[in-house]
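Counting in the numbering used here, the sequence shown runs from 292 upward without gaps.
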Amino acid sequence: MYMKQGEIWLVRYDPSVGHEFKKDRPAVILSSDDILNYSSLVTVMAITSNLSDCLSNDIEVIKDKTNNLYADSVIKVYHLSSFDKQRFIKKIGGVDKTALVKIKNYLKKHFDI
Numbered sequence: 292m293y294m295k296q297g298e299i300w301l302v303r304y305d306p307s308v309g310h311e312f313k314k315d316r317p318a319v320i321l322s323s324d325d326i327l328n329y330s331s332l333v334t335v336m337a338i339t340s341n342l343s344d345c346l347s348n349d350i351e352v353i354k355d356k357t358n359n360l361y362a363d364s365v366i367k368v369y370h371l372s373s374f375d376k377q378r379f380i381k382k383i384g385g386v387d388k389t390a391l392v393k394i395k396n397y398l399k400k401h402f403d404i
C-alpha cells in the first residue's frame with residue numbers, strides 16, 4: 292500500500308474508547324514519506340465535517356477536487372492517532388500545501404519543538 296504525507300485516507304477508527312473518534316472517517320497522514328516506507332504504523336489527524344465543534348487550532352478544509360471530501364470539514368489537530376496500515380480503507384485525496392504547513396506549525400507548538 293503506497294501512502295504519502297499529506298494524503299487523506301478513509302480510516303477505520305473502531306473500536307474506540309472514551310473521547311476517541313468512532314467509525315470510518317477521513318484522516319490526513321502526518322508520518323513522513325521515509326517512515327511510511329518501512330513502518331506498518333501511520334500517524335494521522337482526524338477530519339470531521341462537524342463544523343460546530345471547531346476548536347481554535349483546528350484547520351478548516353474547504354471541499355474541492357484535490358481533497359475529494361464530501362463536505363467542508365476541519366482537521367482536528369488534537370486528535371493525533373497512529374494506526375496499522377490494515378485500518379486504511381482507501382485514499383480519498385490530499386490537503387493543499389497551506390494546510391500541510393499549518394499542520395506542521397501546530398505540531399511544533401503541540402510538542403514544544
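Idealized CB from N, CA, C, for every residue including glycine.
According to DSSP, residues forming a beta bridge with residue i
i: Asp315; result: Arg303
i: Gly384; result: Ile299
i: Lys400; result: Per DSSP, none; premise fails for Lys400.
i: Ser364; result: Val352
i: Asp375; result: Leu332
i: Lys320; result: The sequence given here places Ile at residue 320; Lys does not occur at that position. Beta-bridge pairing links Ile320 to Val335.
Nearest-angstrom Cβ-Cβ length linking residue i and residue j, presumed shorter than 8 Å
i: Ile350; j: Ala318; result: That belief does not hold up - the Cβ atoms of Ile350 and Ala318 are roughly 13 Å apart, past 8 Å.
i: Trp300; j: Lys395; result: The pair is not a contact, with the Cβ atoms about 18 Å apart (cut-off 8 Å).
Own chain residues within Cβ distance below 8 Å of residue i, not counting five before or after
i: Val352; result: Ile338, Asn358, Leu360, Asp363, Ser364, Val365, Ile366, Val386, Ala390
i: Val399; result: For clarity, residue 399 is Lys in the given sequence; the question names Val instead. Counting only Cβ-Cβ distances below 8 Å, and skipping sequence neighbours, we find nothing.
Endpoints, the alpha helix (DSSP H) within which residue i is located
i: Asp324; result: 324-329
Close beta carbons around residue i, own chain, < 7 Å, minus the five adjacent residues each side
i: Lys356; result: none
i: Phe312; result: Tyr304, Ala337, His370
i: Asp375; result: Ser331, Leu332
i: Lys314; result: Tyr304, Asp305
Own chain residues within Cβ distance below 6 Å of residue i, not counting five before or after
i: Val250; result: Because residue 250 is not part of the residues shown, which for the chain are 292 to 404, the question remains open.
i: Thr334; result: Leu321, Ser322, Ser373
i: Ile326; result: none
i: Asp324; result: Lys295, Gln296
The beta strand (DSSP E) enclosing residue i, as first and last residue numbers
i: Ser337; result: It should be pointed out that residue 337 corresponds to Ala in this sequence rather than to Ser. Start and end: 332-339.
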